[in-house]
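Participant: What follows is a structure written as structure tokens; I'll ask about it next.
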Amino acid sequence: MSLKRIDLLICCGSGCVSAGALKIKERFHEVLAEHNITNEVNIIETGCMGPCDYGPVMVIYPEGIFYKKVTVDDVAEIVTEHFVKGRPVTRLMLQDEEQIIAAKKDVPFYQKQVKVALENCGYINPESLDEYIATGGYEALGTVLTEMKPQDVINVIKESGLRGRGGGGFPTHIKWQMVHDRNEDEKYIICNGDEGDPGAFMDRSLLEGDPHRILEGMMIAAYAMGATNGFFYIRAEYPLAIARIKMAINQAKEVGLMGKDVFGSGFCFDAEVRTGAGAFVCGEEMALIHSIEGQRGNPTPKPPYPAVQGLWGKPTVVNNVETIGNIPTIFRKGAKWFSGMGTEKSKGTKVFALTGDVRNTGLVEVPMGITLRELIFDVGGGMLGDHKFKAVQLGGPSGGCLTVDHLDTGVDYESLKERGAMMGSGGVIVMNDEKCMVNVAKFFMDFCVEESCGKCSPCRIGLKQMLEILERITSGHGREGDIEELQRLGESISKLSLCGLGQTAPNPVLSTIRYFRDEYESHIRDKSCTNKVCLDLMHFNIDKERCIGCSLCARKCPVTCITGSREEKYTIHQVDCVKCGNCFDVCPVKAIDKVPGIHPEMAAHRETMAKAAKNHDD
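In terms of the numbering used here, the sequence shown opens at residue 1 and continues consecutively.
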């Protein structure tokens, strides 16, 4: 990359690409050519910059100007005003309380973040080996191979306190030590990039945004444990991540950073990419191993653990993408530097995919121990609109829901576990006061039922039973004892399931019962969804005092269940209503209300139908 007057960094993570980042890049090339200043501007595709809600985003150096929600139509103005005349385009900058924030470093979203695994994402071209080397890339590998023994490497990781970032938080050095101590002719390392949690995109962003970092970390780990072969297991739904890891492997081989006798040390290493078939269970390490072997991705009982008998029966370490992404920085900056962040038992930083009802969604990296309040309200910018915070789901579909009473809880492995949640891989879904927590639990349970491999009966049968109870409750047929039955099933499934999916799948239900039991009771006893989310437990009603008789609701009703006139005003016939909400959306005077509970007309109809069914059975 040649030195030029301006560096234009365009976020080309998957989110910004889907929003048109590549078209914006093409338009920049065209407009720069029109102004004859192509030789003055470096256009650099970067990985994810983080604030997905602002995308497409870009940063322009040397000033570090941050532009958000850029469109193709904005390009000409940026070039003319900013590049040619030296006047940044203020309308594309972030505004906070009537204050214009020009520089990226001043954007509140970044203020409490500390980038370790993500230090290069959004700063370098992920397809350029030269740019990675310019930031210190492969320096750690060179030091490790030429100056350290394998046991020394493991000792550094132990001192750093690095724990697995894939969800379990198992100390990384213990896995490495177990494989190192095995006297076997073949050993393997696997990078687990099979990220399947709803709303999670941490691993994808790391693989897309800084592939050489992950490759370098994998080789350091391989050297420490004596492995000469590695596998990247990446879900097929991540084509860009797959392409960039393959590119990184080829680039490293071409210059001798991978292959035989790396750095003249005698260390030999090769890696290849295997794509997952989209099964959530393949995130579990034994299921993943079986998938690489060409078998069905089912978990198997442990022990033996992969460190003893893993891929093709050989000692194997399975590390998460983020775990591996921390390794090069630990060796460049030191174990004490890394362990100086975080808490006593949870060291370093953690990458989260912050999603849901917050102002600033996106990819964030924060020190372990940061409170949920800081994460949601400082980094996330607080709740959207005028809504209040209600709950946060941590740990993906197998995680737990925490409440406003837990906002000052530190985000670390132990604190979250104590409160019925978990770190998981790093998905954080923030929910506002409009959410029905029974429906939320049903959503996650439905996901887990679909993704269960079906191998063990507690998971296969038990989760299905829990889902059936939740469906009964949300449809208005819940009965006394359902809550207790959910708790009994959840506790049994957690104890008896074969793998981590089944062991943790009941968490969303158990945590919502623990903290939102009143909502379950309202659904069961009152046949009412107070948040008006469960369609069978709410109804639409036209207020005749506010109705102006315009007939728009009747015209938009897909089942013609609304009748009336300008004089008589309109009425919804509840038995025929499918609760599509069209009438509610189109009413010009907001005369239609969402009302919690089953309408008396529908309740009478249900009773009639139930009697008819009983008579038929008799």
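Ideal placement from N, C-alpha and C gives every residue a C-beta, glycine not left out.
Helix, strand or coil: how does DSSP classify residue 293 here?
Facilitator: By 1-based counting over the sequence shown, the position of residue 293 is 293. Residue 293 sits in coil when the DSSP states are folded into three classes, being neither helix nor strand.
Participant: Along the beta strand (DSSP E) that carries residue 539, what are the first and last residues, could you check?
Facilitator: The residue you call residue 539 lines up with position 539 of the sequence shown. 538 to 542 is the span of the beta strand (DSSP E), which, as asked, contains residue 539.
Participant: Quick check for students: name the residue ranges of the beta strand (DSSP E) that lie wholly in the stretch 354 to 398, counting only runs of 3 or more.
Facilitator: Segments of the beta strand (DSSP E) lying fully in the stretch 354 to 398: 362 to 367, 389 to 394.
Participant: Which residues mark the beginning and the end of the alpha helix (DSSP H) in which residue 132 is found?
Facilitator: Here the question's residue 132 lines up with position 132 in the sequence shown. Note, residue 132: alpha helix (DSSP H), 129 to 134.
Participant: Are three or more beta carbon pairs between the stretch 464 to 481 and the stretch 539 to 550 nearer than 8 angstroms?
Facilitator: no
Participant: To the nearest angstrom, how far is it from the Cα of residue 521 to the Cα of residue 445?
Facilitator: Translated into positions along the sequence shown, residue 521 becomes position 521. Translated into positions along the sequence shown, residue 445 becomes position 445. If I take the Cα positions, the gap works out to 19 angstroms.
Participant: How about residue 41 and residue 3: are their beta carbons less than 8 angstroms apart?
Facilitator: Residue numbering aside, residue 41 sits at position 41 when the sequence shown is read from its first letter. Residue numbering aside, residue 3 sits at position 3 when the sequence shown is read from its first letter. If you check the CB distance, residue 41 and residue 3 do not come in under 8 angstroms.
Participant: Is it buried or exposed, residue 336, if we count other Cβ atoms within 10 angstroms and call 16 or more buried?
Facilitator: Sequence index remark: in the sequence shown, residue 336 carries index 336 (1-based). For residue 336, the number of other beta carbons within 10 angstroms of its own is below 16, and it is reported as exposed.
Participant: Return the CA-CA distance between residue 458 and residue 343, expressed in angstroms with no decimal places.
Facilitator: Start at 1 with the first residue of the sequence shown, and residue 458 comes out as number 458. Start at 1 with the first residue of the sequence shown, and residue 343 comes out as number 343. Looking at the two C-alpha atoms, the distance is approximately 36 angstroms.
Participant: On a CA-only basis, which of 254, 145, 279 is nearest residue 221? Give me that one, please.
Facilitator: Counting from 1 along the sequence shown, the entry for residue 221 is found at position 221. Of the candidates 254, 145, 279, the one whose C-alpha sits nearest the C-alpha of residue 221 is 145.
Participant: Give me, in chain order, the residues of the same chain whose beta-carbon lies closer than 7 angstroms to that of residue 177; leave out the 5 immediate sequence neighbours on both sides.
Facilitator: As a first step, residue 177 must be located in the sequence shown, where it is residue number 177. Hits under 7 angstroms: 154.
Participant: Evaluate residue 244 with the Cβ neighbour count: other Cβ atoms within 10 Å of its Cβ, from every protein chain shown; 16 or more gives buried, anything less gives exposed.
Facilitator: Sequence index remark: in the sequence shown, residue 244 carries index 244 (1-based). Buried, by the Cβ-count rule.
Participant: Which class does residue 558 belong to by DSSP, given the choice of helix, strand or coil?
Facilitator: Taking the sequence shown and counting its residues from 1, the one referred to as residue 558 is at position 558. Coil at residue 558, not helix or strand.
Participant: Beta-carbon within less than 6 angstroms of residue 346's beta-carbon, same chain only, minus the 5 sequence neighbours each way: which residues are those?
Facilitator: Along the sequence shown, one-based indexing puts residue 346 at 346. Cβ within range, chain order: 368, 412, 413.
Participant: With DSSP as the reference, label residue 419 as helix, strand or coil.
Facilitator: Translated into positions along the sequence shown, residue 419 becomes position 419. Of the three classes helix, strand and coil, the one that applies to residue 419 here is coil, per DSSP.
Participant: Nearest by alpha-carbon distance to residue 598: which of 265, 253, 330, 533 is it?
Facilitator: As a position in the sequence shown, residue 598 is number 598, starting the count at 1. Of the listed residues, the one whose Cα sits closest to residue 598 is 533.
Participant: What span of residues does the alpha helix (DSSP H) with residue 474 cover, start to end?
Facilitator: Counting from 1 along the sequence shown, the entry for residue 474 is found at position 474. Looking at the DSSP string, the run of the alpha helix (DSSP H) that includes residue 474 is 463 to 474.
Participant: Between the Cα of residue 303 and those of 439, 58, 499, spot the shortest distance and give me the residue it belongs to.
Facilitator: To locate residue 303, count along the sequence shown from 1; it is residue 303. Closest by alpha carbon: 499.
Participant: When we look at the beta-carbon of residue 192 and count the other beta-carbons within 10 Å, is it buried (16 or more) or exposed?
Facilitator: Counting from one through the sequence shown, the residue named residue 192 turns up at place 192. Counting Cβ neighbours within 10 Å, residue 192 comes out buried, since at least 16 surround it.
Participant: Under three-state DSSP, which class holds residue 202?
Facilitator: Counting from one through the sequence shown, the residue named residue 202 turns up at place 202. For residue 202, the three-state secondary structure derived from DSSP is helix.
Participant: If you reduce the DSSP assignment to three classes, tell me which class residue 227 lands in.
Facilitator: Translated into positions along the sequence shown, residue 227 becomes position 227. Residue 227 falls in the coil class under three-state DSSP.
Participant: Taking the beta strand (DSSP E) that residue 237 falls in, what are its first and last residues?
Facilitator: Within the sequence shown, the letter at position 237 stands for residue 237. Per DSSP, residue 237 belongs to no beta strand (DSSP E) and is neither H nor E.
Participant: Less than 6 angstroms between C-beta atoms, sequence neighbours within five positions excluded: which residues of the same chain meet that for residue 352?
Facilitator: Working through the sequence shown from its first residue, we reach residue 352 at position 352. Taken in chain order, the residues that qualify are 364, 426, 428.
Participant: Between the beta-carbon of residue 398 and the beta-carbon of residue 507, is there less than 8 angstroms?
Facilitator: For the purposes of this step, residue 398 is taken as residue 398 along the sequence shown, with counting starting at 1. For the purposes of this step, residue 507 is taken as residue 507 along the sequence shown, with counting starting at 1. The answer is yes: Cβ separation under 8 angstroms.
Participant: Near residue 638, what residues of its chain come up, given a Cβ to Cβ distance below 8 angstroms and the 5 sequence neighbours on each side ignored?
Facilitator: There is simply no residue 638 to check, as the chain begins at 1 and stops at 618 in what is shown.
Participant: Does DSSP classify residue 525 as helix, strand or coil?
Facilitator: Position 525 of the sequence shown holds residue 525. Three-state DSSP puts residue 525 in a helix.
Participant: So for residue 177, helix, strand or coil by DSSP?
Facilitator: Translated into positions along the sequence shown, residue 177 becomes position 177. Residue 177: helix per DSSP, three-state reduction.
Participant: When the Cα atoms are used, what is the spatial distance from residue 423 to residue 169?
Facilitator: Residue 423 sits at position 423 when you count from the first residue of the sequence shown. Residue 169 sits at position 169 when you count from the first residue of the sequence shown. Computed Cα separation, rounded: 8 angstroms.
Participant: Considering only the alpha carbon of each residue, which of 320, 322, 305, 213 lies closest to residue 314?
Facilitator: By 1-based counting over the sequence shown, the position of residue 314 is 314. Ranking 320, 322, 305, 213 by Cα distance to residue 314 puts 305 first.
Participant: Pull up the DSSP beta-bridge partners for residue 593, would you.
Facilitator: The residue you call residue 593 lines up with position 593 of the sequence shown. Secondary-structure assignment with DSSP links residue 593 through a beta bridge to 541.
Participant: Just list the residues that DSSP pairs residue 117 with in beta bridges.
Facilitator: Within the sequence shown, the letter at position 117 stands for residue 117. Its beta-bridge partners do not exist; DSSP assigns none.
Participant: Would residue 114 and residue 326 qualify as a contact pair, given that the criterion is a beta-carbon distance under 8 angstroms?
Facilitator: The residue labelled residue 114 in the question sits at position 114 within the sequence shown. The residue labelled residue 326 in the question sits at position 326 within the sequence shown. No, the pair does not count as a contact, with Cβ atoms beyond the cut-off.
Participant: My understanding is that residue 175 touches residue 307, with C-beta atoms under 8 angstroms, so please give their C-beta distance in whole angstroms.
Facilitator: Your numbering for residue 175 matches position 175 in the sequence shown. Your numbering for residue 307 matches position 307 in the sequence shown. Sure, about 6 angstroms apart at Cβ, within 8 angstroms.
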